[in-house]
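Enquirer: There's a structure below that I have some questions on.
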Amino acid sequence: MAKKFIDIMDTTFRDGFQSVFGARVLMNDFLPAVSAAKEAGINHFEFGGGARFQSLYFYLNEDAFTMMDKFREAAGKDANLQTLSRGVNTVTLDTGSRELIDMHAKLFAKHGTTTIRNFDALNDVKNLEYSAQRIKHHGLKHEVVVTMMDLPPNCVGAHDAEFYEKCLREILDSGIEFDSVCFKDASGTSSPEKVYQTIKMARRLLGDNVHLRLHTHETAGVSIACYLAALEAGADGIDLAASPVSGGTSQPDILTMLHAVKGKDYDLGGLEVDKILKYEDVLHDCLKDYFMPPEATQVSPLIPFSPMPGGALTANTQMMRDNNILDKFPAVIKAMREVVEKGGYGTSVTPVSQFYFQQAFNNVMFGPWKKIAEGYGKMVLGYFGKTPVTPSADIVELAAKQLNLEPTTAPAIDIADQDETKSIAHTKAILEKEGIEATEENIFIAAACKEKGIAYLKGEGKVMVRKNSDIIKPATKSGSNQFSVTVNGHNYNVEVADGFDNFTLKSITPAKESSQPKDEPKAVSSTGASNEITATMSAGVFKILVNIGDSVKAGQTVVILEAMKMEIPIEAGCDGEVEEILISQGQTVEDGQLLVKLK
Numbered sequence: 006m007a008k009k010f011i012d013i014m015d016t017t018f019r020d021g022f023q024s025v026f027g028a029r030v031l032m033n034d035f036l037p038a039v040s041a042a043k044e045a046g047i048n049h050f051e052f053g054g055g056a057r058f059q060s061l062y063f064y065l066n067e068d069a070f071t072m073m074d075k076f077r078e079a080a081g082k083d084a085n086l087q088t089l090s091r092g093v094n095t096v097t098l099d100t101g102s103r104e105l106i107d108m109h110a111k112l113f114a115k116h117g118t119t120t121i122r123n124f125d126a127l128n129d130v131k132n133l134e135y136s137a138q139r140i141k142h143h144g145l146k147h148e149v150v151v152t153m154m155d156l157p158p159n160c161v162g163a164h165d166a167e168f169y170e171k172c173l174r175e176i177l178d179s180g181i182e183f184d185s186v187c188f189k190d191a192s193g194t195s196s197p198e199k200v201y202q203t204i205k206m207a208r209r210l211l212g213d214n215v216h217l218r219l220h221t222h223e224t225a226g227v228s229i230a231c232y233l234a235a236l237e238a239g240a241d242g243i244d245l246a247a248s249p250v251s252g253g254t255s256q257p258d259i260l261t262m263l264h265a266v267k268g269k270d271y272d273l274g275g276l277e278v279d280k281i282l283k284y285e286d287v288l289h290d291c292l293k294d295y296f297m298p299p300e301a302t303q304v305s306p307l308i309p310f311s312p313m314p315g316g317a318l319t320a321n322t323q324m325m326r327d328n329n330i331l332d333k334f335p336a337v338i339k340a341m342r343e344v345v346e347k348g349g350y351g352t353s354v355t356p357v358s359q360f361y362f363q364q365a366f367n368n369v370m371f372g373p374w375k376k377i378a379e380g381y382g383k384m385v386l387g388y389f390g391k392t393p394v395t396p397s398a399d400i401v402e403l404a405a406k407q408l409n410l411e412p413t414t415a416p417a418i419d420i421a422d423q424d425e426t427k428s429i430a431h432t433k434a435i436l437e438k439e440g441i442e443a444t445e446e447n448i449f450i451a452a453a454c455k456e457k458g459i460a461y462l463k464g465e466g467k468v469m470v471r472k473n474s475d476i477i478k479p480a481t482k483s484g485s486n487q488f489s490v491t492v493n494g495h496n497y498n499v500e501v502a503d504g505f506d507n508f509t510l511k512s513i514t515p516a517k518e519s520s521q522p523k524d525e526p527k528a529v530s531s532t533g534a535s536n537e538i539t540a541t542m543s544a545g546v547f548k549i550l551v552n553i554g555d556s557v558k559a560g561q562t563v564v565i566l567e568a569m570k571m572e573i574p575i576e577a578g579c580d581g582e583v584e585e586i587l588i589s590q591g592q593t594v595e596d597g598q599l600l601v602k603l604k
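Each number in the working numbering corresponds to the 1-based position in the sequence shown with 5 added.
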C-alpha cells in the first residue's frame, strides 16, 4: 500500500528567521539557500508576512516587496509561496481599516504570493471574515486558522479540544471561504493528546477532502510528539525548518522529522535525506556569520506556564539586547503567567503575544500593574475583538483609567474604519508632505510601519543585524603580550605568554570602563533635580518634541523613548525653558541618563 503523502511547508525563510534571528536576515545573504532548497525538492515555502514584513523596514533597510519578488524568481513559478497574516491586523500589531486589509491582499498577490495563512489571535471569527473575502477576491488561496496553546495551570474555560471545536464550527457557520485549515500553536505548548483529539475532531467536521495541517514550535520540547499525533489523527500537512534555524524556538528540523517517521506509512513531501543535507550545508554557509542567540536553540520547561511563542521570543530578546536590558528577560517570562491569566486567554501569538510580553515587561520595569501597555489595555477593553473569556475586572478597570478608554463590543474592523489615521487618504497626505511618491506599495509601507516606514522611504533606514564579525571586534595590542578585546560591547584586558607556535593565556580581566562614552553625558538619577529630565529606562530615542529655548510646563512630554515596540513618554518635572538637549534621535540611552536640561 502506498504511503500517505504529507505536504511539508519549509518555514526556514519566514518563521525560522523570525524565531531564531528576530527576523533580521538580509535578503542577499539567504537567497542562494532558496535555490538549494528548490534543488532538494522543496516546492512549498513560507516566504513572507508576519514579522518578516515590518522587520525589513525596522532593522534591515530592505523592501519586503522586493524580497518577495526575488524569492519568487529563486523558487520558481510553480512553487507554493505562502505568507502569514493576522486577520484584521494583517502584518502589523494594530487593527487595519477595510481599505488597508484589501490593499494587503492585493499587493501580496502582486508580489508572488500563492497562499495566505490567515489567523486571529483571539479566535474571534469576525476578525477573519473581511480579510478572507479579500484574499479570495484577489485570486489567492486562503488557509484559515484556529490558534492554539496550553493555559497556565488551574486556568479553565478555553484552549481545549471542545473550545477549538467551537471555533471551527463558528468558521464553518460564518460562510468564510477557505482552501485549507491550519491549527497553529505558535508557543508549542499544546500536549500531544490535545493535538490528537483536536485534529480528529476537525477531520470529522471537515470530511476527508479538506486539507488539514498543524503548525507548532519546538520551544516546549514536544513538537515531534505533537506532529506524530497530528499525522495519526489524519493531518495532511506539517511545517518544518532547516538547520541552523530549526529546533529550539523554531519548527522541528526536516531531517529530524524524516527520522521520526521511519517505518511509518507517511511520505514527507517526497523529500530525501541526502538532498536535504546538501540544502542545509548551503544554508549553514549563508548564515555562518550571523550571531546565534543562545535562547533560540534551547527548549524551555517554563514555556507551558508562560507561553511565549518562538517567533516572538528572540524578537524580544534581540530588542532587549539592543537596549542593554537582557538581564531582565527571566523576570519578564516569569511575569507573563499572571498577565495571561488576567488577560482573557487570547492565544499567545502575534499581536497578543507581544501584548503579553509588553505588559509583563512593564510589570517588571515599573512595578506590577503600575503601567498598562497600550496593546494589552486595548485588548482587555475589546478594541481587538472578543477575548475567549472575560478578562479580570480589576485589570479592565485599570486599563480604562490609564488609557482613558471605555470598554467596547464594537467589531474591531468597524473601529478601525472610523479612525481617520488608518485611511489611505491620510497616509497619502503624509507621503505627499514628505515628497514621496504615493504608489500603493509606498502607501502600505507607510501605513504599516508608520515613522520607520517613512524613514525607509526617505533613505534614512538603518541596518541592525547581529553578525559575529560585528559583535567580536578584532583585538588591539597594547603591550608586548597584552591585548584589549571587545566582546558584546564589553572591554577586557587579555595577557598571554609567548610559545613556539601559539600563545598561552595568562589572564583575562574586565577593563575599567566609564559609565558613559566620552561624547555622552553622565547618567543622572531620575530622582535628581527637577530641571534635569532623565530616562526612566534603557531605550532608544524615538522623538524629541522640544527645541532649545522652548518653554515647557510640568507634565509636558518632551521626549519619547522606544523599547520593546512601545513608546515611553518622558515628561518635564517642572515649568521651565529648554537650556540643553543632550541626545539625538535614534540614540540608545541608559536608565537615568540626562536627556534634557531646563533653566
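Note that the Cβ used here is the ideal one computed from N, Cα and C, for glycine as well.
Along the chain, where does the beta strand (DSSP E) containing Ala544 start, and where does it finish?
Expert: 544-549
Enquirer: Report the residue from Glu182, Glu343, Val563, Gln590 whose alpha carbon sits nearest the alpha carbon of Gly578.
Expert: Val563
Enquirer: Just to confirm before moving on: does the CB-CB distance between Met73 and Phe26 stay below 9 Å?
Expert: The beta carbons of Met73 and Phe26 sit no closer together than 9 Å.
Enquirer: Please classify Thr95: does DSSP put it in a helix, a strand, or coil?
Expert: coil
Enquirer: Could you tell me which whole alpha helix (DSSP H) segments of length 4 or greater appear in the segment 266-317?
Expert: Runs found: 278-291.
Enquirer: From this set, Asn473, Ile450, Ser474, which residue's C-alpha is nearest Lys463's C-alpha?
Expert: Ile450
Enquirer: Output the residue ranges of the alpha helix (DSSP H) runs that lie fully inside the segment 139-225 and measure 4 residues or longer, sorted by chain position.
Expert: Look at the segment 139-225 and you find these whole runs of alpha helix (DSSP H), each 4 residues long or longer: 166-179, 197-211.
Enquirer: Please say whether Thr100 and Phe389 have beta carbons closer to each other than 9 Å?
Expert: yes
Enquirer: Let me check understanding here. Comparing Cα to Cα, which of Pro249, Pro306, Val266 lies closest to His289?
Expert: Proximity to His289 across Pro249, Pro306, Val266 peaks at Pro249, based on C-alpha coordinates.
Enquirer: Cα separation between Glu51 and Gly92?
Expert: Roughly 17 Å between the two C-alpha positions.
Enquirer: Is it a yes or a no for the segment 151-166 touching the segment 102-118, going by three-plus beta-carbon pairs under 8 Å?
Expert: no
Enquirer: From the DSSP output, which residues share a beta bridge with Ser556?
Expert: Glu582
Enquirer: For Thr491, which three-state DSSP category applies?
Expert: Caution is warranted here: a pLDDT of 48 is assigned to Thr491, below 50, making its placement in the model unreliable, and no coordinate value can be reported.
Enquirer: Distance, Cα to Cα, Glu175 vs Glu537?
Expert: 56 Å
Enquirer: Given a threshold of 16 other Cβ atoms within 10 Å of its Cβ, counted over all protein chains shown, does Thr88 qualify as buried or as exposed?
Expert: buried
Enquirer: Under 7 Å Cβ to Cβ from Pro197, same chain only, skipping five residues before and after it: list those, please.
Expert: Val227, Ala230, Cys231, Ala234
Enquirer: Going by C-alpha to C-alpha distance, which of Ser179, Ala421, Gly387, Cys454 sits closest to Gly55?
Expert: Cys454
Enquirer: Throw me the rounded Cβ distance for the Ser24 and Ser255 pair, which I believe falls under 8 Å.
Expert: 4 Å
Enquirer: What span of residues does the alpha helix (DSSP H) with Glu343 cover, start to end?
Expert: 334-347
Enquirer: With DSSP run on the structure shown, which of helix, strand or coil describes Lys527?
Expert: Because the pLDDT of Lys527 is 35, which lies under 50, any placement of that residue in the model is unreliable, and the question is left without a value.
Enquirer: To the nearest angstrom, how far is it from the Cα of Tyr350 to the Cα of Gln407?
Expert: 21 Å
Enquirer: Is it true that the CB of Val551 sits closer than 9 Å to the CB of Val583?
Expert: For the pair Val583 and Val551, the CB atoms are nearer than the 9 Å cut-off.
Enquirer: Taking all protein chains shown into account, decide if Met313 is buried (16 or more other Cβ within 10 angstroms of its Cβ) or exposed.
Expert: buried
Enquirer: Along the chain, where does the beta strand (DSSP E) that runs through Met14 open and close?
Expert: 9-15
Enquirer: Let's see if you can read the secondary structure: which residues bound the beta strand (DSSP E) around Val250?
Expert: Taken as a continuous stretch (DSSP letters only), Val250 belongs to no beta strand (DSSP E), as it is neither H nor E.
Enquirer: Write down the C-beta distance between Leu65 and Val468 rounded to the nearest angstrom, noting that I regard them as a contact closer than 8 Å.
Expert: The Cβ separation is near 6 Å, so the contact holds.
Enquirer: Per DSSP, Arg122 is paired with what?
Expert: Leu89, Glu148
Enquirer: Where does Ser519 fall in DSSP's three states?
Expert: Per-residue confidence for Ser519 stands at a pLDDT of 41, beneath the threshold of 50, marking its modelled position as unreliable; the derived number appears in the next sentence. Residue state, collapsed to three classes: coil.
Enquirer: Going by DSSP, which residues form a beta bridge with Asp258?
Expert: Ala246
Enquirer: List the residues that DSSP assigns as beta-bridge partners of Lys602.
Expert: Glu537, Glu585
Enquirer: With a floor of 4 residues, list each alpha helix (DSSP H) that falls wholly inside the segment 383-437, ordered by position along the chain.
Expert: Complete alpha helix (DSSP H) runs here, min 4: 398-408, 417-422.
Enquirer: Between Gly348, Phe296, Glu343, which lies nearest to Gln323 when the distance is taken from Cα to Cα?
Expert: Out of Gly348, Phe296, Glu343, Phe296 has the C-alpha closest to the C-alpha of Gln323.
Enquirer: Can you pull the DSSP bridge partners for Phe50?
Expert: Asp15, Leu86
Enquirer: Starting from the C-beta of Ala460, find all residues in its chain whose C-beta is less than 7 Å away, skip the five residues before and the five after it, and write them out in chain order.
Expert: Gly466
Enquirer: At a cut of 8 Å, does the segment 420-434 reach the segment 31-38 through at least three beta carbon pairs?
Expert: no
Enquirer: To the nearest angstrom, report how far apart Ile281 and Met262 are at their CA atoms.
Expert: 12 Å
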